[in-house]
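Undergrad: One structure coming up, written as structure tokens, with questions to follow.
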Amino acid sequence: MKAIFRIRRYNPEKDKKPYWQEFTLEDVLPTDRVVELLHRIKWEQDGTLTFRRSCAHGVCGSDAMRINGVNLLACKVLVRTFARDDAEEVKIQVEPILGLPVLKDLIVDMEPFFSHYRAILPYLITSEPPPADGRERRQSPQERAIFDDTTKCILCACCTTSCPSFWANDSYVGPAAIVQAHRFIFDSRDQAADQRLNVLGAPDGAWRCRTIFNCTPACPREIKVTQAIGEVKLAIVRGVEHVRQQKIADLKETPAPEE
Ligand code: SF4
Ligand code: F3S
Ligand code: FES
Numbered sequence: 025m026k027a028i029f030r031i032r033r034y035n036p037e038k039d040k041k042p043y044w045q046e047f048t049l050e051d052v053l054p055t056d057r058v059v060e061l062l063h064r065i066k067w068e069q070d071g072t073l074t075f076r077r078s079c080a081h082g083v084c085g086s087d088a089m090r091i092n093g094v095n096l097l098a099c100k101v102l103v104r105t106f107a108r109d110d111a112e113e114v115k116i117q118v119e120p121i122l123g124l125p126v127l128k129d130l131i132v133d134m135e136p137f138f139s140h141y142r143a144i145l146p147y148l149i150t151s152e153p154p155p156a157d158g159r160e161r162r163q164s165p166q167e168r169a170i171f172d173d174t175t176k177c178i179l180c181a182c183c184t185t186s187c188p189s190f191w192a193n194d195s196y197v198g199p200a201a202i203v204q205a206h207r208f209i210f211d212s213r214d215q216a217a218d219q220r221l222n223v224l225g226a227p228d229g230a231w232r233c234r235t236i237f238n239c240t241p242a243c244p245r246e247i248k249v250t251q252a253i254g255e256v257k258l259a260i261v262r263g264v265e266h267v268r269q270q271k272i273a274d275l276k277e278t279p280a281p282e283e
């Protein structure tokens with residue numbers, strides 16, 4: 025099939041403002057990924073087209089883009105998402121994710137995003153010495169299950185840059201930072217939950233989330249982002265242990281997956 029791309033272009037060295045440019049590709053397959061087609065445009069038609077990508081397998085989180093109005097990883101989305109397999113033509117619009125300054129074409133400045141990430145102390149903090157037997161710090165499968173979902177985050181920013189609260193006020197830490205905080209707040213080996221909850225209880229913390237829910241469907245890792253934010257809000261109000269006990273009770277009620 026034929027693919028008609030409409031791409032948001034911007035080169036700060038020569039453009040006063042961003043503009044749209046069209047490219048046409050022939051012989052596109054329904055199973056082609058958008059990142060491959062962007063490569064074809066760059067390699068066959070316009071070498072100046074600029075976009076971030078690295079792993080091409082949905083792991084590094086570097087190629088988040090707004091594709092046909094939705095935040096997606098270009099390496100995970102197939103052409104058949106936007107057209108039937110027997111269609112003669114597909115139209116694909118690509119623009120940078122919203123809410124972060126555009127540096128060039130599809131590349132945004134991720135520093136404001138990572139500054140919010142650093143603010144929630146995204147690493148294990150404990151004054152306990154490691155076990156004397158030389159093993160790692162252990163925890164039970166149940167203790168691990170409490171924050172399993174939020175360990176899957178690849179910091180792609182699809183959630184934060186789909187959040188209207190973040191668009192309105194980029195001082196808001198955003199859903200990705202809260203997901204990363206959740207991963208450590210509920211880790212039984214960590215001792216800095218109070219420090220993180222202080223950051224998230226401040227005016228630009230978790231309460232700027234108005235439960236709009238854009239973030240959850242935007243997550244390419246299918247993390248229950250809004251649920252994690254809700255658990256962090258509850259921990260601010262009722263304490264970490266309250267949420268932990270509630271989650272343990274929920275896990276007991278969840279049937280084990282079939283063998
Ligand atoms: Fe990306 Fe999901 Fe992590 Fe948000 S929570 S940064 S969408 S992986
Ligand atoms: Fe934004 Fe998600 Fe909350 S879209 S308002 S962070 S539920
Ligand atoms: Fe790594 Fe797409 S290039 S997630």
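Residue numbers (my numbering): 25 to 283.
We treat Cβ as the ideally placed atom computed from N, Cα and C, and that holds for glycine.
1) Just to confirm the assignment: which complete beta strand (DSSP E) runs, minimum length 3, are found wholly within the stretch 63-127?
2) Classify Leu145 as helix, strand or coil using the three-state DSSP reduction.
3) Hey, out of Glu113, Pro188, Pro279 and Lys128, whose CA is closest to Tyr43's CA?
4) In chain order, what residues of the same chain lie with their CB nearer than 8 Å to the CB of Asp109, ignoring the 5 residues before and after it?
5) Take Gly123 as the anchor and find which of Ala111, Leu145, Thr185 and Glu68 has the nearest alpha-carbon.
6) In the structure shown, what three-state DSSP assignment does Glu160 receive?
7) Along the chain, where does the alpha helix (DSSP H) that runs through Leu275 open and close?
8) Using beta-carbon positions only, say whether Ile260 and Ala230 come within less than 9 Å of one another.
9) Output the residues surrounding ligand 1, defined as those with a CB atom closer than 7 Å to any ligand heavy atom, in chain order.
10) By Cβ distance, which residues of its chain are closer than 7 Å to Ile28, with the 5 residues on each side in sequence left out?
11) Considering only DSSP beta bridges, list what Trp44 is partnered with.
12) Exposed or buried, Leu102, counting other C-beta atoms within 10 Å across all chains shown (16 or more means buried)?
13) Got a sec? Which residues, its chain only, sit under 8 Å from Val52 by beta carbon, not counting five neighbours each side?
14) Where do the ends of the alpha helix (DSSP H) carrying Asn222 lie?
15) Run through the DSSP bridge pairs and tell me what Ala27 is partnered with.
TA: If we stick to the structure as given:
1) For the stretch 63-127, whole beta strand (DSSP E) runs of length 3 or above, ordered along the chain, are 88-91, 94-97 and 113-119.
2) In the sequence shown, counting from the first residue as 1, residue 145 sits at position 121. In this structure, Leu145 counts as coil in the three-state DSSP scheme.
3) On the sequence shown, position 19 is the one that residue 43 refers to. Ranking the options by Cα distance to Tyr43, first place goes to Lys128.
4) By 1-based counting over the sequence shown, the position of residue 109 is 85. Answer for Asp109: Pro54, listed in chain order.
5) By 1-based counting over the sequence shown, the position of residue 123 is 99. Comparing Cα-Cα distances from Gly123 to each of Ala111, Leu145, Thr185 and Glu68, the minimum goes to Thr185.
6) Working through the sequence shown from its first residue, we reach residue 160 at position 136. For Glu160, the secondary structure class from DSSP, reduced to helix, strand or coil, is coil.
7) Sequence index remark: in the sequence shown, residue 275 carries index 251 (1-based). Run containing Leu275: Val264 to Glu277, per the alpha helix (DSSP H) assignment.
8) In the sequence shown, the residue the question calls residue 260 occupies position 236. In the sequence shown, the residue the question calls residue 230 occupies position 206. In contact: Ile260 and Ala230 (Cβ atoms closer than 9 Å).
9) Those residues whose C-beta sits under 7 Å from the nearest heavy atom of ligand 1 are, from N- to C-terminal order along the chain, Gly85, Lys176, Cys177, Ile178, Leu179, Cys180, Ala181, Cys182, Cys183, Thr184, Pro199, Ala200, Val203, Cys239, Ala242, Cys243, Pro244, Arg245, Ile247 and Val249.
10) On the sequence shown, residue 28 is found 4 positions in, with the first residue counted as 1. Excluding residues up to 5 positions away in sequence, Glu46, Thr48, Glu113 and Lys115 lie with their Cβ nearer than 7 Å to the Cβ of Ile28 in the same chain.
11) To locate residue 44, count along the sequence shown from 1; it is residue 20. Its beta-bridge partners are Arg32.
12) Working through the sequence shown from its first residue, we reach residue 102 at position 78. That one is exposed.
13) If you number the sequence shown from 1, residue 52 lands on position 28. Correct list, in chain order: Met25, Lys26, Ala27, Leu61, Val103 and Val114.
14) Mapped onto the sequence shown, residue 222 falls at position 198. Start and end: Ala217 to Gly225.
15) Here residue 27 refers to the residue found at position 3 of the sequence shown. Paired residues: Leu49 and Val114.
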